[in-house]
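Numbering (this note's numbering), first residue to last: 452 to 566. Beta carbons: idealized from backbone N, C-alpha and C, even for Gly. Note sheet for the following structure.
What follows is the structure, given as structure tokens:
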């Protein structure tokens, strides 16, 4: 699988994860309830916030109202952000060329690089 195809597939998966919320635990049909545009590489949802790896870093979305997701803030990081995992109050952002970046998201409205 070539690099461009893998990148497109990764973005498609992340976009689908962000766009579609199920209306029930055992829903037979998946109905989109909210949408926000952009180019996303990975998404991790924790509580009322979605942490999104975008090419320039990390975007924090307020998804407390699923029908109206809104960008809360963003953190610009060196490299090309590929993946994000949130554990507790830390977001771990893997960059293609910038290594691993750790962002303190204890205050999702004011995330800070932790290391």
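Rounded separation between residue i and residue j - CA only
i, j, result
"residue 514", "residue 502", "10 angstroms"
"residue 500", "residue 559", "8 angstroms"
"residue 541", "residue 482", "31 angstroms"
"residue 548", "residue 480", "39 angstroms"
"residue 497", "residue 537", "7 angstroms"
"residue 550", "residue 492", "16 angstroms"
"residue 546", "residue 552", "7 angstroms"
Where the beta strand (DSSP E) through residue i begins and ends
i, result
"residue 512", "508-513"
"residue 541", "541-546"
"residue 524", "521-527"
"residue 582", "There is simply no residue 582 to check, as the chain begins at 452 and stops at 566 in what is shown."
"residue 565", "Element bounds for residue 565: n/a, residue is neither H nor E."
"residue 497", "493-497"
"residue 555", "550-555"
"residue 481", "Segment: none, residue 481 is in no beta strand (DSSP E) and carries neither H nor E."
Contact under 8 angstroms by Cβ, residue i with residue j
i, j, result
"residue 525", "residue 508", "yes"
"residue 554", "residue 504", "no"
"residue 562", "residue 494", "no"
Any contact of the stretch 526-533 with the stretch 478-488, i.e. 3+ C-beta pairs under 8 angstroms? With a cut-off of 8 angstroms, the stretch 478-488 and the stretch 526-533 do not count as touching, because too few Cβ pairs lie within range.
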